[in-house]
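Those letters in the sequence shown? Residues -21 to -1, 1 to 239, per mature numbering (1 follows the signal peptide of the UniProt record, and there is no 0), in order.
Note that the Cβ used here is the ideal one computed from N, Cα and C, for glycine as well.
Computed from a predicted model, the values in this text were never measured in an experiment.
So the structure is just underneath, and the comments pick up after that.
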Amino acid sequence: MFPSQALSLLAAVAFAGRVLSHGVGYDKGSSQLEVELVVPTSGDVSELIARITNAGTADLNLLKVGTLLDDKLPVQKVVVLDEAGEEVRAKAILPSVHYDALQSKHFQLLKASESIDVMIDGGMVHGFDHSGTYSFRVEGAIPVAIAPSSRLSGPAATIRSNTISMHIEARNPSFVGKVLDDRTNIDVEGCSANGTRGAASTAALANCQKLALAAADDAVDPASDRFVEYFKTNSSETRKTVAERLRAAAQEFYVRSTAP
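And the structure:
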């Protein structure tokens, strides 16, 4: 039998690459953060600098994960409009954050009246199908904590920048084939620090690997009715393709032990 869990998982993986990351569903409130978008004097044509200023009187810890400050994941950091005023679709990751597991390393300190510059590649998660003038702006929210605490307090701070227009040559998102190669990396150090969560994460990955391998074996079985039920075909070429993708998924679920 073709495991239905694995089929659901495969569908989720396929959908993830098409998610629009306009921001995780934070409650949003008034903000003491100001964002100015500027064009750097050097660098790629689609690179921008977001200058974030703490205009309030309190020092803040800004959450980096899944926000404008995230330097790990390919999340959407800017809204891009084409010459017709239509928003350019982003192929970005929308992360799920376990707030009770956040540590100081997941935050950026921004003292009152100070600013930080964040480099943004406007083409990382946006594909430009046509050459032309595109408009860029930062819009969203950043969850904050009152420094020195890393405990999020109140609604997330809303941010909205000025708009910058630039001429861009047609191209595909620059992160494809690069950033997503490492999409299943896990924080081994963080898991080790929390024994229960680490064990649960490892067990979940192992179970997903077993499901994917079992589904791959079933996919190449020409007598599998479940495969036909899900994929509406009994084509040997389709079976081969699905089996290859499931085995690739199983490889991504592999967890290498850090024990000596």
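| Check | Outcome |
| --- | --- |
| Measure the C-alpha to C-alpha separation of V155 and Q82 and round it to an integer number of angstroms. | With a pLDDT of only 45 at V155, under the threshold of 50, the placement of this residue in the model should not be trusted; the figure read from the coordinates follows. The alpha-carbon atoms of V155 and Q82 are separated by roughly 29 Å. |
| Just the Cα atoms here: how many angstroms apart are L225 and A198? | 9 Å |
| Taking buried to mean at least 16 other C-beta atoms within 10 Å of its own C-beta, is S214 buried or exposed? | exposed |
| Whose CA, out of P19, L41 and K189, lies closest to the CA of F86? | L41 |
| My assumption, with CB atoms under 8 Å, is that L52 sits in contact with P74. Please give the rounded CB distance. | 6 Å |
| Grab the span of the beta strand (DSSP E) containing L88 for me, first residue to last. | F86 to L89 |
| In this structure, how does DSSP classify T181 when only helix, strand and coil are distinguished? | helix |
| Judging by CA-CA distance, which residue of S25, I31, S21 and E26 is the nearest neighbour of S140? | I31 |
| With a CB to CB cut of under 6 Å and the five nearest residues on each side skipped, what residues in its chain are close to G111? | E62 |
| L16 to S180, Cα distance in whole Å? | 39 Å |
| Take I143 and list the residues in its own chain whose beta-carbon comes closer than 8 Å to its own, dropping the five residues that flank it on each side. | L16, V17, V18, L27, S114, F115 and R116 |
| Which residues mark the beginning and the end of the beta strand (DSSP E) in which E15 is found? | L12 to V17 |
| So which of G101, A37 and S21 has the shortest CA-CA distance to S10? | A37 |
| Tell me the rounded alpha-carbon separation between E118 and D100. | 15 Å |
| Quick check on G64: buried or exposed, where buried means 16 or more other Cβ atoms within 10 Å of its Cβ? | exposed |
| Alpha carbon to alpha carbon, what distance is there between L39 and V14? | 15 Å |
| Quick one: grab the DSSP three-state call for L52. | coil |
| Considering only DSSP beta bridges, list what N141 is partnered with. | Paired residue(s): none; N141 is not in a bridge. |
| Report the rounded CA-to-CA distance for E223 versus L192, giving the unit in angstroms. | 10 Å |
| Does DSSP put K37 in a helix, a strand or coil? | Note that residue 37 is Ala in the sequence shown, not Lys. Of the three classes helix, strand and coil, the one that applies to A37 here is coil, per DSSP. |
| Where do the ends of the beta strand (DSSP E) carrying A120 lie? | E118 to I121 |
| Taking only three categories from DSSP, how would you classify D108? | coil |
| With DSSP run on the structure shown, which of helix, strand or coil describes V207? | helix |
| Are V24 and M145 close, meaning C-beta to C-beta below 8 Å? | yes |
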